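Remarks on the structure that follows.
Structure, rendered in structure tokens:
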């Protein structure tokens, strides 16, 4: 048994059909529990008041915006090195999810920033790198749509993904590179474990982060299946037009 | 029961409303496109069978 067997579209679709029902139920349950717990059952922060409740949306969305790009980077590299079509289609399938996560992170950040910082937006290192990541997502999707030949599109978007990874890394570590700007440091640093969030806020946040992560996986499985079916339908039509 | 959001009620509620609308929109569009793709593939396979 090897992971590469799932590069076969038929095997991928069979795996996807098996895991998806569980993934959808568990991910939606985690998102609903995390957000409901955070919204209804956590206290206000002594400094930020009720705006702290935005953390249950903002942090998971920002986390997934960056992680979606890293997932696209891995699958793009697999395409470039091993030429497995499913991996290229998985990267394509993940991009719109990454866009939505980035928009949620930017939007909730602006709504949170206005009362706390006194401004909707600042050209802060993390905010700016996140905005550039958003533009890379749009460029990536536009490039897929602009190129007719799917293999060429997969090649060029994979290269774009490699370049954009610089901004995905910057988005995550910008606050550590530059000691300036308005954005605070990472709330839940995985590497050091020294989180700055109190338990009463952390546990619903953790549930919400797991929910967003699982929802991303469920959506990627589903959307990759969709891309495989569209590719197959297009190939069948092309073959019958050629009279093969 | 609705928690007391104090003077930041508009900010918190608008953040939740916008985010949930985006998430639900993403899921709905994903499912609709998936159904359309299944129908498209079935139609293409039926064409191939019909035309030999």
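Residue numbers (the working numbering), protein chains in the order written: chain B, -17 to 226; chain Y, 37 to 88. From the three backbone atoms N, C-alpha and C, an ideal C-beta is built for every residue, glycine too. Source: prediction; values computed, not measured.
For this session: Use the C-beta contact count for residue 29 (chain B): other C-beta atoms within 10 angstroms, 16 or more gives buried, fewer gives exposed.
Result: By the 10 Å Cβ count, residue 29 (chain B) comes out exposed.
Problem set entry | Bridge partner(s) assigned by DSSP for residue 40 (chain Y) | For residue 40 (chain Y), no pairing in a beta bridge is given by DSSP.
For this session: Kindly confirm or deny that the segment 59 to 68 of chain B and the segment -11 to -4 of chain B touch, where touching means at least three C-beta pairs closer than 8 Å.
Result: The segment 59 to 68 of chain B is in contact with the segment -11 to -4 of chain B.
Exercise. Between residue 80 (chain B) and the ligand COA, is the CB less than 8 Å from at least one heavy atom?
Worked result: Of ligands this structure carries none, so the ligand COA is not represented either.
For this session: Quick one: grab the DSSP three-state call for residue 181 (chain B).
Result: For residue 181 (chain B), the secondary structure class from DSSP, reduced to helix, strand or coil, is helix.
For this session: Could you tell me whether the Cβ of residue 63 (chain Y) comes closer than 9 Å to any Cβ of chain B?
Result: Answer yes: the Cβ-Cβ gap between residue 63 (chain Y) and chain B drops below 9 Å somewhere.
For this session: Determine the contact status of residue 20 (chain B) and residue 183 (chain B), defining contact as a CB-CB distance below 9 Å.
Result: Between residue 20 (chain B) and residue 183 (chain B), the CB-CB gap stays under 9 Å.
For this session: Examine chain Y for any beta-carbon lying closer than 9 Å to the beta-carbon of residue 208 (chain B), and answer yes or no.
Result: Under the Cβ distance rule, residue 208 (chain B) counts among the residues neighbouring chain Y, one pair being separated by less than 9 Å.
Exercise. Does the beta carbon of residue 16 (chain B) sit closer than 9 Å to a beta carbon anywhere in chain Y?
Worked result: So no, residue 16 (chain B) is outside the interface.
For this session: Could you check the C-alpha separation between residue 45 (chain Y) and residue 52 (chain Y) for me, to the nearest Å?
Result: For residue 45 (chain Y) and residue 52 (chain Y), the gap between their C-alpha atoms comes out near 11 Å.
Exercise. Do residue 75 (chain B) and residue -3 (chain B) come within 9 Å of each other at the CB atom, strictly closer than that value?
Worked result: No, they are not a contact pair.
Exercise. Among the residues of its own chain, which have a CB less than 6 Å from the CB of residue 43 (chain B), if the five just before and after it don't count?
Worked result: A distance below 6 Å between beta-carbons, with the five flanking residues on each side excluded, links residue 43 (chain B) to the following residues of its chain, in chain order: 83, 86 and 87.
Exercise. Along chain C, in chain order, which residues have C-beta atoms closer than 7 Å to that of residue 90 (chain B)?
Worked result: No chain C appears in this structure, whose protein chains are B and Y.
Exercise. Distance, Cα to Cα, residue 192 (chain B) vs residue 4 (chain B)?
Worked result: When only Cα atoms are considered, residue 192 (chain B) and residue 4 (chain B) end up about 14 Å apart.
Problem set entry | DSSP three-state assignment for residue 27 (chain B), whether helix, strand or coil | Reduced to three states, the DSSP call for residue 27 (chain B) is strand.
For this session: Look at the Cβ atom of residue 89 (chain B), then the Cβ atom of residue 150 (chain B), and state whether they are nearer than 9 Å.
Result: The Cβ-Cβ distance between residue 89 (chain B) and residue 150 (chain B) does not fall below 9 Å.
Problem set entry | Closest by C-alpha distance to residue 142 (chain B), when choosing among B:7, B:115, B:11 and B:153 | The candidate whose alpha carbon is nearest that of residue 142 (chain B) is B:115.
For this session: Please name the residue, chosen from B:9, B:39, B:-16 and B:34, that lies closest to residue 57 (chain Y) on a Cα-to-Cα basis.
Result: Considering only alpha carbons, the answer is B:39.
Exercise. Does residue 29 (chain B) have its Cβ less than 9 Å from a Cβ in chain Y?
Worked result: In terms of beta-carbon proximity, residue 29 (chain B) stays away from the interface with chain Y, with every pair separated by 9 Å or more.
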